[in-house]
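Below: one structure, written as structure tokens.
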Amino acid sequence: MIKLFIDEYKLFFEIFDSGEEEFKNYLESLASNLYDYLRPMIIHENRIDTLSELCRILLSNLTEINTISHRKKEDYELKLSFLVINNILKDAQQRLAFRAQSFIKQDIEGFKISDKDLIGFLRISESVRKANLQQQKLQQQDSNLKKITSEAQINKVSKNHEDYDLGKVIYGGGEWYPTLQRTLYILTKLYHVINQSVFEDIAEEAIEQCRLSLVEVANQIFRLKSKPDSQLFLIKNLLLFREKIAPFDAEFVHKESLDVDINTIK
Numbered sequence: 000m001i002k003l004f005i006d007e008y009k010l011f012f013e014i015f016d017s018g019e020e021e022f023k024n025y026l027e028s029l030a031s032n033l034y035d036y037l038r039p040m041i042i043h044e045n046r047i048d049t050l051s052e053l054c055r056i057l058l059s060n061l062t063e064i065n066t067i068s069h070r071k072k073e074d075y076e077l078k079l080s081f082l083v084i085n086n087i088l089k090d091a092q093q094r095l096a097f098r099a100q101s102f103i104k105q106d107i108e109g110f111k112i113s114d115k116d117l118i119g120f121l122r123i124s125e126s127v128r129k130a131n132l133q134q135q136k137l138q139q140q141d142s143n144l145k146k147i148t149s150e151a152q153i154n155k156v157s158k159n160h161e162d163y164d165l166g167k168v169i170y171g172g173g174e175w176y177p178t179l180q181r182t183l184y185i186l187t188k189l190y191h192v193i194n195q196s197v198f199e200d201i202a203e204e205a206i207e208q209c210r211l212s213l214v215e216v217a218n219q220i221f222r223l224k225s226k227p228d229s230q231l232f233l234i235k236n237l238l239l240f241r242e243k244i245a246p247f248d249a250e251f252v253h254k255e256s257l258d259v260d261i262n263t264i265k
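Numbering (numbering that gives the first Met the number 0), first residue to last: 0 to 265.
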């Protein structure tokens with residue numbers, strides 16, 4: 000579109016000596032028609048991945064326009080391109096923010112796990128941990144000793160990796176609780192594609208709902224298993240969560256102390 004406007008603008012002045020205002024009105028009508036065509040598609044788009052990628056592309060185009068405009072004197076066509084793309088971007092960002100809030104409400108705040116599924120998740124998580132430890136041990140062995148000769152050990156490793164593969168399908172690896180994984184997903188899709196203050200507001204809500212879900216499931220584990228199991232789950236996931244949200248470079252102001260007695264965990 001940018002190239003089209005530039006080429007049309009150049010061609011017009013190479014052929015005609017007058018009618019500049021009429022030509023500008025013509026270009027503006029093209030831009031308006033393009034915007035009117037795209038807007039309904041954007042505001043009805045539900046896929047967060049698509050909206051996020053669209054915002055990234057539009058932001059890249061705006062950067063390109065700014066770069067070109069620094070090298071050109073005739074920048075009317077660039078200003079027009081900037082205006083159209085910026086309007087489309089605003090619609091895409093608003094739609095993305097709305098879909099993100101719906102995702103947080105439905106898939107993070109609204110996620111509830113049954114006792115049966117929770118026990119299955121904990122079993123898979125433990126199997127993943129054992130499989131990872133087993134893999135690390137094998138990698139540390141001498142090349143001549145890497146081959147496992149014990150049939151029992153082979154079966155054990157195989158079983159762990161079967162659970163690991165199942166965990167990846169169901170829970171994205173078996174080690175992360177689903178709401179934690181979903182929170183990181185939505186933060187990734189919003190980061191650097193919407194206004195920073197809007198990002199921080201939405202991110203704070205997502206993080207708070209994720210924290211509440213972790214506390215809730217920790218209480219569920221306490222009821223099903225034991226207090227140490229509950230606290231270990233909570234500590235592990237909160238530490239992992241803190242590590243993963245650090246790169247987003249945002250201010251998350253909510254603070255609340257959690258009653259975790261480390262002395263009871265052996």
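Virtual Cβ for every residue (Gly too), placed ideally from N, Cα, C.
The model shown is predicted, which means the values in this text are computed figures rather than measured ones.
Where does K111 sit, in a helix, a strand or coil, going by DSSP?
Judged by DSSP in its simplified three-state form, K111 adopts coil rather than helix or strand.
Kindly indicate which three-state DSSP category E215 falls into: helix, strand or coil?
Note: E215 maps to helix in three-state DSSP.
Would K9 be called buried (16 or more neighbouring beta carbons within 10 Å of its own) or exposed?
Counting C-beta atoms within 10 angstroms of its own C-beta, K9 has fewer than 16 neighbours from the protein chains shown and is therefore classed as exposed.
Member of A217, F240 and L238 whose CA lies at the smallest distance from the CA of Q230:
From the listed residues A217, F240 and L238, the smallest Cα separation to Q230 is found for A217.
Do you know offhand how far V168's Cα is from F22's?
In this prediction, V168 scores a pLDDT of 36, lower than 50, which makes its location untrustworthy; no coordinate-derived value is stated.
Chain-order list of residues whose beta-carbon lies under 6 angstroms from that of T178 (same chain, five-residue window excluded)
Exclusion of the five residues before and after T178 leaves I107, F110, C209 and S212 as the residues of its chain whose Cβ lies within less than 6 angstroms of its Cβ.
Indicate whether the contact test is met: 3 or more Cβ pairs, each with one atom in the region 15-33 and one in the region 52-68, closer than 8 angstroms.
Proximity of the region 15-33 to the region 52-68 falls short of the contact definition, fewer than three beta-carbon pairs being nearer than 8 angstroms.
With a CB to CB cut of under 7 angstroms and the five nearest residues on each side skipped, what residues in its chain are close to N45?
Closer than 7 angstroms at Cβ, skipping near neighbours: R98.
Segment limits, alpha helix (DSSP H) that includes Q92:
Where Q92 is concerned, the enclosing alpha helix (DSSP H) stretches over Y75 to F102.
Supposed contact pair N85 and L61 - C-beta distance, whole angstroms, cut 8 angstroms
Correct: roughly 6 angstroms between the Cβ atoms.
Could you please give the first and the last residue of the uninterrupted alpha helix (DSSP H) stretch that includes D228?
It spans K226 to I244 - the alpha helix (DSSP H) in which D228 sits, taken as one unbroken run.
Hey, how far is the Cα of N32 from the Cα of L3?
A straight line joining the alpha-carbon of N32 with that of L3 spans about 15 angstroms.
D48 versus V192, Y176, D200 and I206, residue with shortest Cα-Cα distance
Of the listed residues, the one whose Cα sits closest to D48 is V192.
Could you tell me whether the Cβ atoms of I103 and I201 are closer together than 9 angstroms?
In this structure, I103 sits near I201, with a CB-CB distance shorter than 9 angstroms.
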